[in-house]
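What the sequence shown shows, in full-length UniProt numbering, is residues 1 to 170, in sequence order. Even glycine gets a Cβ: it sits at the ideal position worked out from N, Cα and C. Encoded as structure tokens, the structure appears first; notes follow it.
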Amino acid sequence: MSANATRRVEVYPDREVVVEFDPDLTFECVEECTWCCHHGVLLYDDDLIGLAKRANLAETTTDFRGEKFVTREEKGRDDHVAEDGCACAFLREDGLCTLHLEEDWKPTRCSVFPLSVWLEDGDLHVDIRESAHEHCEGLDVSDRSVIDNLEAFLPEILWELDDPDSNREL
Numbered sequence: 001m002s003a004n005a006t007r008r009v010e011v012y013p014d015r016e017v018v019v020e021f022d023p024d025l026t027f028e029c030v031e032e033c034t035w036c037c038h039h040g041v042l043l044y045d046d047d048l049i050g051l052a053k054r055a056n057l058a059e060t061t062t063d064f065r066g067e068k069f070v071t072r073e074e075k076g077r078d079d080h081v082a083e084d085g086c087a088c089a090f091l092r093e094d095g096l097c098t099l100h101l102e103e104d105w106k107p108t109r110c111s112v113f114p115l116s117v118w119l120e121d122g123d124l125h126v127d128i129r130e131s132a133h134e135h136c137e138g139l140d141v142s143d144r145s146v147i148d149n150l151e152a153f154l155p156e157i158l159w160e161l162d163d164p165d166s167n168r169e170l
């Protein structure tokens with residue numbers, strides 16, 4: 001898809017996005033990548049409610065610029081961490097996510113990765129995060145078409161948010 005080509009795709013009934021990435025793009029999480037876990041996980045209001053059912057918010061969240069994020073913490077190891085040695089508080093020693101595997105739940109921001117979501121002229125737009133092209137090992141490694149599985153990446157709550165911009169980081 002050229003840089004100026006876009007496509008409207010219905011994800012849920014009466015909920016569509018403007019897709020700005022190549023429609024042939026595939027994605028599947030790759031074991032031991034954990035790149036998405038190195039960033040602070042932005043928490044929307046519904047995510048805070050969901051997380052409160054699974055963890056102590058005082059111990060696992062932090063405020064940054066008036067928004068809540070999952071705490072990034074020093075992991076004391078060299079693998080599955082960012083250059084500063086930190087990663088998401090829920091990233092286990094084996095590089096797997098406690099919330100996803102043990103609680104069968106993900107914050108909205110984690111579901112969206114490696115996509116970038118933003119609101120423009122009243123429409124929800126979606127593209128691949130610029131940094132994902134360089135760091136995300138799951139792009140184009142499987143037969144799982146992103147455009148055919150957008151509901152797996154884009155929870156319905158995104159259409160209800162005043163600012164669904166997923167590029168905000170801790």
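Can you name the residues that DSSP bridges to residue i?
i: ASP105; result: The question names Asp, but residue 105 in the sequence shown is Trp. According to DSSP, which records beta bridges pairwise, TRP105 is partnered with nothing at all.
i: ILE49; result: Answer is none; ILE49 lacks a bridge partner.
i: TYR12; result: ARG15
i: ALA87; result: GLU73
i: ILE128; result: LEU115
i: SER166; result: Answer is none; SER166 lacks a bridge partner.
i: SER145; result: THR26
i: GLU67; result: PHE64
i: LEU43; result: LYS68
i: ARG92; result: ARG92 pairs with nothing; no bridge assigned.
i: CYS97; result: LEU91
i: LEU139; result: PHE27
i: ASP123; result: GLU120
What does a CB cutoff of less than 7 Å around residue i pick up in its chain, not counting 5 residues either side in sequence?
i: ASP143; result: THR26
i: GLU16; result: ARG8, VAL9, GLU10
i: THR71; result: THR60, THR61, THR62, ALA89
Evaluate residue i with the Cβ neighbour count: other Cβ atoms within 10 Å of its Cβ, from every protein chain shown; 16 or more gives buried, anything less gives exposed.
i: GLY122; result: exposed
i: GLU10; result: exposed
i: MET1; result: Confidence at MET1 is low in this model, with a pLDDT of 47, below 50, so its placement is unreliable and no value can be given for it.
i: SER166; result: buried
i: GLY85; result: exposed
i: LYS53; result: exposed
i: VAL141; result: exposed
i: PRO23; result: exposed
i: GLU20; result: buried
i: PHE153; result: buried
Can you name, in chain order, every residue of its own chain whose Cβ lies under 6 Å from the Cβ of residue i, other than the five neighbours on each side?
i: CYS37; result: ALA87, CYS88, LEU91
i: PRO155; result: THR108, SER111
i: GLU160; result: none
i: GLU137; result: VAL30, CYS33
i: GLU59; result: none
In chain order, what residues of the same chain have a beta carbon less than 8 Å from the beta carbon of residue i, not counting five sequence neighbours either side?
i: LEU48; result: LEU57, THR61, LYS68
Report the CB separation of residue i from residue j in whole angstroms; it is logged as a contact under 8 Å.
i: LEU115; j: LEU158; result: Incorrect: roughly 10 Å between the Cβ atoms, too far for contact.
i: GLY95; j: ASP79; result: 7 Å
i: GLU134; j: GLY40; result: In fact, because the Cβ distance is near 19 Å, the residues do not count as touching under 8 Å.
Any heavy atom of the ligand GDP closer than 7 Å to the beta-carbon of residue i?
i: GLU120; result: The ligand GDP is absent from the structure shown, which contains no ligand whatsoever.
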